[in-house]
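Q: Under the working numbering, read the sequence shown as residues 59 to 179, first letter to last. Glycine included, each C-beta is placed from N, C-alpha and C at the ideal position. None of these values were measured; they are calculated from a predicted model. Following this message is one structure expressed as structure tokens.
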Amino acid sequence: MKMEFKQKQIQQLPLDDLTAEQFLALAIEATKQLGWVFGDINGTGFTAYTNNGFFSWNAEIKMKVLNETATIQSHSAGDEVIDVIENKKNIQKFTSSFNSLKNNLKPETLTIYGSLKTRIA
59 MKMEFKQKQI QQLPLDDLTA EQFLALAIEA TKQLGWVFGD INGTGFTAYT NNGFFSWNAE
119 IKMKVLNETA TIQSHSAGDE VIDVIENKKN IQKFTSSFNS LKNNLKPETL TIYGSLKTRI
179 A
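Below, the structure is given as structure tokens:
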């Protein structure tokens, strides 16, 4: 009998004091810092892929901002214990990178990030 594990991890993050545009712009920057490769970027979110090499474990990362909440999902094709662990790590890496960016930015810089919406839509 084969045990199957949840192939994806999902976490919801409040926008807090950021606009949806600012949150998304910071999320894109955090994703770039992690070295993930973008597949699609639009005005409400993006899809990116971990870049661990062709023969290594990789996952699809989806971010969607809707109604004052952002949802991030890490999904892999496998159904092994390692997939659960790695998907959780992806979410943790993203939130750590995002929070570091957010905490180190000055309020006036957030205005610049918010104006990036026209370039990503």
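1) Return the bridge partner residues of GLY103 from the DSSP annotation.
2) Closest to ASN125 by CA distance: which of GLU79, LYS66, PHE96 is it?
3) Tell me the DSSP secondary structure of THR77 in three-state form.
4) Let me check understanding here. Comparing Cα to Cα, which of ILE68, GLY97, GLY101 lies closest to GLU81?
5) Using only the alpha-carbon positions, how far apart do ALA83 and LYS66 sit?
6) Take ASN116 and list the residues in its own chain whose beta-carbon comes closer than 8 Å to its own, dropping the five residues that flank it on each side.
7) Rounding to the nearest angstrom, what Cα-Cα distance links ILE68 and VAL142 in this structure?
A: Well, looking at it:
1) Looking at the DSSP assignment, GLY103 forms a beta bridge with ASN100, LYS122.
2) In terms of Cα proximity to ASN125, the closest of GLU79, LYS66, PHE96 is GLU79.
3) For THR77, the three-state secondary structure derived from DSSP is coil.
4) For the record, residue 81 in the displayed sequence is Phe; it is not Glu. Nearest C-alpha to PHE81: GLY101.
5) Distance between the alpha carbons of ALA83 and LYS66: 24 Å.
6) TYR107, THR108, ASN109, ASN110, SER134.
7) Taking the straight line joining both Cα atoms gives about 11 Å.
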